[in-house]
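A.B. asks: One structure coming up, written as structure tokens, with questions to follow.
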Amino acid sequence: LLGVQIDAPINSGNSGGPAFSSQGECVGVAFQSLKAEDAENIGYVIPAAVVEHFLTDVDRNGKYTGFPALGIEWQRLESPFLRESLGMKPKQKGVLVRRVEPTGACAEYLQAGDVIMSFDGVHVANDGTVPFRKKEHERISFSYLISCKYNGETARLEVLRSGEGGRARKLTVDVSLGGLVRPVPVHIKGQLPSYFIVGGLVFTRVTVPYLRSEYGKEYEYD
3 LLGVQIDAPI NSGNSGGPAF SSQGECVGVA FQSLKAEDAE NIGYVIPAAV
53 VEHFLTDVDR NGKYTGFPAL GIEWQRLESP FLRESLGMKP KQKGVLVRRV
103 EPTGACAEYL QAGDVIMSFD GVHVANDGTV PFRKKEHERI SFSYLISCKY
153 NGETARLEVL RSGEGGRARK LTVDVSLGGL VRPVPVHIKG QLPSYFIVGG
203 LVFTRVTVPY LRSEYGKEYE YD
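Numbering (the working numbering), first residue to last: 3 to 224.
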């Protein structure tokens, strides 16, 4: 997701407040600061675009459903030799799909070894970037385009797939976007955890909040 770096300190208890531009416009919400020995007065703001996405999502669905994800791991294709080995022509650009999540939105459409060349008509460069704010000299990771969509919407991908004999062919796939289906739930939505007692043993469902409460700072979720 987008994040804006500012040169104003954000101390404990200050997060959640609005951040204003020099014109008096609210540009985001202050949410964290950088704690480092060699850095001072570095804070980060949640941009207004991300806040608007959250509010629109709640308005559409009656609840927050999150940001969509393709559910893939990708690799840059800046090496001309790697692009040649994938059957790409000199003027073709894109990123290599290294892995596809079985529960992701692209599980039925993409496979490892595919090259994503465009997302909704926006061409993806070999370093995985796309034009930002309609300016060619400003570029951002193409994952920004995914975060601009909503769960349930469709995205059109132009893909290059290697075939028999090393020949590559172009494919156009329409992917219905959604969040990843995780075996271990990330949230319990404010409810009390369920449990079952038998023979002196207590059983409960494994969730991220439970693991965090059990292991504290030693637990990291990815």
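Just so you know, even glycine gets a beta-carbon here, dropped at the ideal spot from N, CA and C.
Please state whether DSSP places residue 120 in a helix, a strand or coil.
C.D. replies: Strand, per DSSP.
A.B. asks: Looking at residue 122 and residue 158, is the spacing between their C-beta atoms short of 8 Å?
C.D. replies: Going by C-beta atoms, residue 158 is nearer than 8 Å to residue 122.
A.B. asks: Residue 125 by DSSP, collapsed to three states: which one?
C.D. replies: DSSP places residue 125 in strand when its eight states are reduced to three.
A.B. asks: If the criterion is Cβ atoms closer than 8 Å, does the pair residue 103 and residue 74 meet it?
C.D. replies: Going by C-beta atoms, residue 103 is nearer than 8 Å to residue 74.
A.B. asks: Let me know the beta strand (DSSP E) ranges lying completely inside the segment 121-193, each 3 residues or longer, listed in chain order.
C.D. replies: Runs of the beta strand (DSSP E) inside the segment 121-193: 131-134, 137-143, 156-164 and 170-178.
A.B. asks: Hey, how far is the Cα of residue 190 from the Cα of residue 150?
C.D. replies: Spanning the two alpha carbons is a distance of roughly 26 Å.
A.B. asks: Three or more beta-carbon pairs under 8 Å between the segment 116-134 and the segment 194-202, yes or no?
C.D. replies: The segment 116-134 vs the segment 194-202: no contact.
A.B. asks: Could you please give me the residues that DSSP links to residue 217 through a beta bridge?
C.D. replies: None; residue 217 has no bridge partner.
A.B. asks: Between the C-alpha atoms of residue 216 and residue 96, what's the straight-line distance to the nearest angstrom?
C.D. replies: Spanning the two alpha carbons is a distance of roughly 43 Å.
A.B. asks: Could you give the residue range of the beta strand (DSSP E) that holds residue 206?
C.D. replies: That run of the beta strand (DSSP E) goes 203-206.
A.B. asks: Looking only at C-alpha atoms, which of 186, 120 and 8 sits nearest to residue 24?
C.D. replies: With distances taken between Cα atoms, residue 24 lies closest to 8.
A.B. asks: What span of residues does the alpha helix (DSSP H) with residue 54 cover, start to end?
C.D. replies: It spans 50-63 - the alpha helix (DSSP H) in which residue 54 sits, taken as one unbroken run.
A.B. asks: Report buried or exposed for residue 183, applying the criterion of at least 16 other Cβ atoms within 10 angstroms of its Cβ.
C.D. replies: It is exposed - the Cβ of residue 183 has fewer than 16 other Cβ atoms within 10 Å.
A.B. asks: Excluding sequence positions up to five away, which residues of its chain have a Cβ less than 8 Å from the Cβ of residue 134?
C.D. replies: So the qualifying residues of the chain are 140, 141, 142 and 146.
A.B. asks: Looking only at its chain, what residues have a beta carbon closer than 8 Å to the beta carbon of residue 33, apart from the 5 residues adjacent to it on each side?
C.D. replies: Excluding sequence neighbours, residue 33 sits near 12, 17, 18, 46, 47 and 48.
A.B. asks: Nearest to residue 165 by CA position, among 155, 53, 90 and 71, is which residue?
C.D. replies: Cα-wise, what sits closest to residue 165 is 90.
A.B. asks: Is it buried or exposed, residue 187, if we count other Cβ atoms within 10 angstroms and call 16 or more buried?
C.D. replies: So residue 187 counts as exposed.
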